[in-house]
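Enquirer: Below is a structure I'd like to ask you about.
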Amino acid sequence: MYSVLLVDDEPFIVDGLNVLVDWKQLNLLVNKTYNSQDALHIMEHNLIDILITDIKMPKLSGLELIHKAKQLNPQCKCIILSGYNDFEYVKEGIKLGIENYLTKPVNTDELTATLEDCIKGLDSATSKNQFFKDNQAWHLIRGNILSRWVNHTITAEELQNRAELLNIITDSSTYRVAIISIPFKTQSSIQLSKIYQICYHYIASDPSIMSFEDIEGDFVLILTHDFTYYGSTIEELLKNMNDRIKTFGITAHMTVGSNVDSYRDIHKSYSMAKKLFDYFLIYPNKSILSSDLINHQHLTSQLTIEIDHTYIASNLASKNETLLFEYIEQLFEQCVHCDGITPKHLRMMVIEILLNLYTSMSKRSILFHNDIINEHSKLLSKIHQANDLKILKQDLKYLLTFIIKKLKEKEKATSPVVYEIVKYVQKKYFEELSLKTLSYKFNINPTYLGQLFKKETGTSFPNYLNQYRIEKAKAFLMETNFKTAQIAKKVGYMDPNYFYRIFKKYAGVSPTEFKSLR
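Going left to right, the sequence shown walks through residues 21 to 538 as this note's numbering numbers them.
See the structure below:
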C-alpha cells in the first residue's frame, strides 16, 4: 500500500478529494493537511509516495513543497492542483518532475487515471528509462501523457492542452504505432536501458516520431504521416534497429499496428500492436510482425485440431519420453502450418492436452499425487501469457518429463502388495471390495493394509475405490444409454440411492445432470 499526502489551504478541497476518490480501491493510504508547514513535517517523519498539492500556499508554495518532497524521497510522485492553468507553473513543475498539473475544480476521473499511472510507475520494476539526461523530468511527464493517450485514458481537451508544451503531434492525417519488446527476464535494467537508448538514436532526428517506454517495459513508437526515415518504411526502420540489437546477442520482438486516421483512434493501433505479440507463437522465426500480415478473418475462424490423447496416455503410461516428444513436435509443426490458426488455437490445444492428462492421471489417482498437480496448475496459469512457441513446447515437455519421473519414483516406492491391489481394483472394481475382502485375498492384516495404502497413495482405500468407480460411471453415462440403476450395479453399487449420493459427492452433479452434458 502506498501513502498519499493531500495538501491545500482550502479545507473543502482536501476534504472533497478525500471523499470523492475511492482511495481504498486504489489501495492508497491517505494523509491530509491544510497547510504546507504541516505537510513538510509529515513528509519528514513519514514516507510519502504520492504528493497532491495546491500550487499557491502561504509560507511554502506547492513548488517548494515538491522540491522538498523530492529531496526526502526521490521516487515520490507529485501532482499539482491550481485554480488556473498557468504554463509558467507547468514548466516549473516539469523541471521538478511532476506527474500531472490539474486545474480546479478537479476532474476526479482525470485524477484517478493519474493516480493509477503513479501506482504503475511505483510498482514497475524497470521504471521508465529516461533518454534525455539533460531534461529527465520533461521526458517523464511526456511519457506519462503519451502512455495515457495510447491507452485511451486521457481526454481530448487535456491532450490538446499538453500537446504544444510536450511536442505531441495531434494534427497528423494518419498515425501508426510500433512496439519493440525485449524479454526483460533475461536482461538487466542497465542492458535494457542501453538497448532502448540505441533505438531512440535511430529516430531522434525525426520529429514525426514520438516515443516512450510503456508500463510493461516495451519501447513504443508513434509515427505520423510525415514519417520519412530516409525514404524507408517502418518495417525497414525496425529491421535496422533489430540488426543492431542482435549484436548484443539479444532477440527482440517487434510489431506494427494498423493505420488510423485520427489522433483520437491511436489506442486502436496500439492495441493491435500489443495483440500481435501473441502471433509470435505462430511465426516463431519472424522478428517483426505487422497488422498487414494477419488475416483478420482468422480471428473468428473455427479450427479443430485433432489430438491423439490415447497415444499420449499410452506412451506416458509406458514412460516413453522419446515417442511423446516426437509426437508433440509433429503436432506443433502441423498446427503452425494450418490455415486459419491463431494464438488462441495453439493455447487451447495445449490446455486440451493438459486437461486430458489430468483426467487420465486422475483415473490412476494412486499415482497422481500433489506435486504433479502443482506442476500441472503452474503450467495452466503460464499458458495464457505465453507468446513464444519454443517456450510453450518446452513447458509442455517439461510437465511430461516431470510426470514420467514421478511415475518411476512411485513405481519404485510402491510396495508389491499395494501395487497388486491397485491392479486388482482396476480389473474388479464392479465386485464387492473392501479392506476386509482384500486383506483376506492378499493375506495381510486389514488395519495394516489400510495404513499402508494411505501412506503410499496419499488417499484412503474407500476414497480411491469410490473415485475410480465414479470415473467408470461417468464413461457409462456419456457413452451408453443404460439407466442410472443399471450403471450403479455395473460399477459396484447395489443400492442406487447410495450410488446417487456418492456420484454427486465426487462429480459435483447428479448422474442425470451429468448425462445431460452429453
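Virtual Cβ for every residue (Gly too), placed ideally from N, Cα, C.
Mind checking whether residue 215 and residue 265 have CB atoms under 8 Å apart?
Expert: Locating residue 215 in the sequence shown gives position 195, where the first residue counts as 1. Locating residue 265 in the sequence shown gives position 245, where the first residue counts as 1. The criterion of a C-beta distance shorter than 8 Å is satisfied by residue 215 and residue 265.
Enquirer: Which residue or residues does DSSP assign as beta-bridge partners of residue 52?
Expert: Taking the first residue of the sequence shown as position 1, residue 52 is located at position 32. 26, per the DSSP bridge assignment.
Enquirer: Leaving out the 5 sequence neighbours to the left and right, which residues in its chain are closer than 7 Å to residue 414 when beta-carbon positions are compared?
Expert: Locating residue 414 in the sequence shown gives position 394, where the first residue counts as 1. Taken in chain order, the list of residues that qualify is empty.
Enquirer: What's the gap between the Cα of residue 316 and the Cα of residue 499?
Expert: The residue given as residue 316 occupies position 296 in the sequence shown. The residue given as residue 499 occupies position 479 in the sequence shown. For residue 316, the pLDDT reaches just 45, beneath the cut-off of 50, and the residue's location in the model is therefore unreliable, although a value from the coordinates is still provided. Answer to the nearest angstrom: the Cα atoms are 38 Å apart.
Enquirer: Using 8 Å as the limit for Cβ to Cβ distance, is residue 309 near chain D?
Expert: Protein chains in the displayed structure number just one, and chain D is not present.
Enquirer: Given residue 140, which residues of its chain have a CB within under 6 Å of its CB, disregarding the five upstream and five downstream residues?
Expert: Locating residue 140 in the sequence shown gives position 120, counting from the first residue. Once the five neighbours on either side are set aside, the close Cβ partners of residue 140 are 235.
Enquirer: Express the C-alpha separation of residue 345 and residue 330 in angstroms, rounding to a whole number.
Expert: For the purposes of this step, residue 330 is identified with residue 310 of the sequence shown, where counting begins at 1. For the purposes of this step, residue 345 is identified with residue 325 of the sequence shown, where counting begins at 1. Approximately 15 Å, taken between the alpha carbons.
Enquirer: For the ligand FAD, is there a heavy atom less than 7 Å away from the beta-carbon of residue 118?
Expert: Of the ligands one can find in the structure shown there are none, so the ligand FAD has no counterpart to examine.
Enquirer: Quick check: what's the CA-CA separation for residue 469 versus residue 371?
Expert: Reading the sequence shown from its first residue, position 449 is the one you call residue 469. Reading the sequence shown from its first residue, position 351 is the one you call residue 371. Taking the straight line from one Cα to the other gives about 38 Å.
Enquirer: What are the residues that DSSP puts in a beta bridge with residue 195?
Expert: Counting from 1 along the sequence shown, the entry for residue 195 is found at position 175. DSSP output for residue 195 lists 244 and 280 as bridge partner(s).
Enquirer: How about residue 90 and residue 60: do their beta carbons lie closer than 8 Å?
Expert: Locating residue 90 in the sequence shown gives position 70, where the first residue counts as 1. Locating residue 60 in the sequence shown gives position 40, where the first residue counts as 1. No, the pair does not count as a contact, with Cβ atoms beyond the cut-off.
Enquirer: Between which two residues does the alpha helix (DSSP H) carrying residue 35 extend?
Expert: Start at 1 with the first residue of the sequence shown, and residue 35 comes out as number 15. Where residue 35 is concerned, the enclosing alpha helix (DSSP H) stretches over 31 to 40.
Enquirer: Here's the rule I'm using: 16 or more other beta-carbon atoms within 10 Å means buried, otherwise exposed. How should residue 363 be labelled?
Expert: Residue mapping note: residue 363 aligns to position 343 of the sequence shown, counting from 1. Answer is buried; the Cβ neighbour count reaches 16.
Enquirer: Nearest CA to the CA of residue 77: which residue from 54, 99 and 483?
Expert: Along the sequence shown, read from residue 1 onward, the residue named residue 77 stands at position 57. With distances taken between Cα atoms, residue 77 lies closest to 54.
Enquirer: Candidates 457, 463, 503 and 453: which alpha carbon is nearest residue 436's?
Expert: In the sequence shown, the residue the question calls residue 436 occupies position 416. When only C-alpha atoms are compared, the closest one is 463.
Enquirer: Between the region 78 to 87 and the region 43 to 52, do at least 3 Cβ pairs fall closer than 8 Å?
Expert: no
Enquirer: Which of helix, strand or coil does DSSP assign to residue 74?
Expert: In the sequence shown, the residue the question calls residue 74 occupies position 54. It is a strand residue.
Enquirer: Taking the straight line between their C-alpha atoms, what separation do you get for residue 529 and residue 439?
Expert: As a working mapping, residue 529 is identified with position 509 in the sequence shown. As a working mapping, residue 439 is identified with position 419 in the sequence shown. If I take the Cα positions, the gap works out to 31 Å.
Enquirer: Expressed to the nearest angstrom, what Euclidean distance is found between the alpha-carbon atoms of residue 2 and residue 117?
Expert: Only positions 21 to 538 of the chain appear in this structure, which leaves residue 2 out of reach.
Enquirer: Identify the continuous beta strand (DSSP E) that holds residue 230 and give its terminal residues.
Expert: Against the sequence shown, residue 230 aligns to sequence position 210. Run containing residue 230: 229 to 233, per the beta strand (DSSP E) assignment.
Enquirer: Give a yes or no on contact between the region 481 to 488 and the region 446 to 456, applying the rule of three or more CB pairs nearer than 8 Å.
Expert: yes
Enquirer: One question on the structure: do residue 24 and residue 62 come within less than 8 Å of each other, judged by their Cβ atoms?
Expert: Here residue 24 is taken as the residue at index 4 of the sequence shown, counted from 1. Here residue 62 is taken as the residue at index 42 of the sequence shown, counted from 1. The Cβ atoms of residue 24 and residue 62 lie no closer than 8 Å to each other.
Enquirer: Put residue 175 into one of helix, strand or coil per three-state DSSP.
Expert: For this step, residue 175 is matched to residue 155 along the sequence shown. Residue state, collapsed to three classes: coil.
Enquirer: Quick check on DSSP: helix, strand or coil for residue 357?
Expert: If you number the sequence shown from 1, residue 357 lands on position 337. Reduced to three states, the DSSP call for residue 357 is coil.
Enquirer: Using CA atoms only, rank isn't needed, just tell me which of 129, 158, 193 and 186 is closest to residue 175.
Expert: What you label residue 175 is simply residue 155 of the sequence shown in a count that begins at 1. Comparing Cα-Cα distances from residue 175 to each of 129, 158, 193 and 186, the minimum goes to 129.
Enquirer: Just to confirm, is the Cβ distance from residue 291 to residue 280 under 8 Å?
Expert: The residue you call residue 291 lines up with position 271 of the sequence shown. The residue you call residue 280 lines up with position 260 of the sequence shown. No; because the gap between Cβ atoms is not below 8 Å, this pair is not in contact.
Enquirer: In the DSSP assignment, the beta strand (DSSP E) including residue 98 goes from what residue to what residue?
Expert: Within the sequence shown, the letter at position 78 stands for residue 98. Its beta strand (DSSP E) spans residues 97 to 102.
Enquirer: Rounded to a whole number of angstroms, what is the C-alpha to C-alpha distance between residue 426 and residue 516?
Expert: As a working mapping, residue 426 is identified with position 406 in the sequence shown. As a working mapping, residue 516 is identified with position 496 in the sequence shown. Straight-line Cα distance between these residues: approximately 37 Å.
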